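For the sequence shown, this note's numbering assigns the number 63 to the initial residue and increments by one for each residue that follows.
From the three backbone atoms N, C-alpha and C, an ideal C-beta is built for every residue, glycine too.
If you're wondering where the values come from, they're calculated on a predicted model, not measured in any experiment.
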Amino acid sequence: MEVTEAPRPQAPPVPQGPRAYRRRVRQRGPIAGLLLPMTAGSLGLLLLRDNTQTWRGAGGFLLAVLAAPGLLVAGAPLTSGSSYTLAVLGSAVLWIGLGAIAARMATRTPVATWRDFWHEYMWLAGGIWVGVVVALVATNLILGRAFL
Numbered sequence: 063m064e065v066t067e068a069p070r071p072q073a074p075p076v077p078q079g080p081r082a083y084r085r086r087v088r089q090r091g092p093i094a095g096l097l098l099p100m101t102a103g104s105l106g107l108l109l110l111r112d113n114t115q116t117w118r119g120a121g122g123f124l125l126a127v128l129a130a131p132g133l134l135v136a137g138a139p140l141t142s143g144s145s146y147t148l149a150v151l152g153s154a155v156l157w158i159g160l161g162a163i164a165a166r167m168a169t170r171t172p173v174a175t176w177r178d179f180w181h182e183y184m185w186l187a188g189g190i191w192v193g194v195v196v197a198l199v200a201t202n203l204i205l206g207r208a209f210l
């Protein structure tokens, strides 16, 4: 009795070839790196707007700081002023750089996809987010339960 394999479905061809697709990932990766922080920051601002509940304040602050880690360096929420604008711009530069690094790492293989980009990006962003949470916990311990 002879066993035959079922034919595998063919993947659709890559438009303009794999090189063009890799180049597209490398070119658009830095901008794509801003998508997740912009979404988190927008959601954080929505939660903080007309805030009257503790969970909205804590959640909005956490999302804002995860989206713009530079806010911690600027002293948020203990200070106010124009330093927040510089912190947000510095954080945008950080996320653009992270997107560029993730795009470079994802396109090391000949057939790179956006899935590869997001895989690399999430590992890098996860490191930043863990650092932000550790900084918040350390600040909470040093200042005596001021944040949490």
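When we look at the beta-carbon of residue i and count the other beta-carbons within 10 Å, is it buried (16 or more) or exposed?
| i | result |
| --- | --- |
| T169 | buried |
| A200 | exposed |
| V196 | exposed |
| W117 | exposed |
| R84 | buried |
| P99 | buried |
| L109 | buried |
| S142 | exposed |
| A82 | exposed |
| G189 | exposed |
| L125 | buried |
| A68 | exposed |
| G122 | buried |
For residue i, tell me which candidate among the options has the shortest Cα-Cα distance.
| i | options | result |
| --- | --- | --- |
| D178 | A165, M100, S142 | A165 |
| W176 | E67, G79, P80, V87 | V87 |
| P77 | T101, V173, R111 | V173 |
| P80 | L198, L203, T171, N202 | T171 |
| M167 | Q89, V155, T66 | Q89 |
| L198 | A120, A154, A149 | A120 |
Assuming residue i and residue j form a contact by the criterion Cβ under 8 Å, report the distance between their Cβ atoms to the nearest whole angstrom.
| i | j | result |
| --- | --- | --- |
| V192 | L134 | Actually they are not in contact, since the Cβ atoms of V192 and L134 sit about 13 Å apart, beyond 8 Å. |
| S145 | G152 | Not a contact, Cβ separation roughly 10 Å. |
| L160 | A187 | 6 Å |
Are there any heavy atoms of the ligand NAP lying less than 8 Å away from the beta-carbon of residue i, as far as the coordinates show?
| i | result |
| --- | --- |
| L198 | Only the bare structure without any ligand can be found here, which leaves the ligand NAP out of the picture. |
Is it true that the segment 179-187 meets the segment 89-103, where meeting means three or more beta-carbon pairs spaced less than 8 Å apart?
-> yes
Please confirm if the segment 129-143 is in contact with the segment 102-116, defined as three or more CB-CB distances below 8 Å between the two stretches.
-> yes
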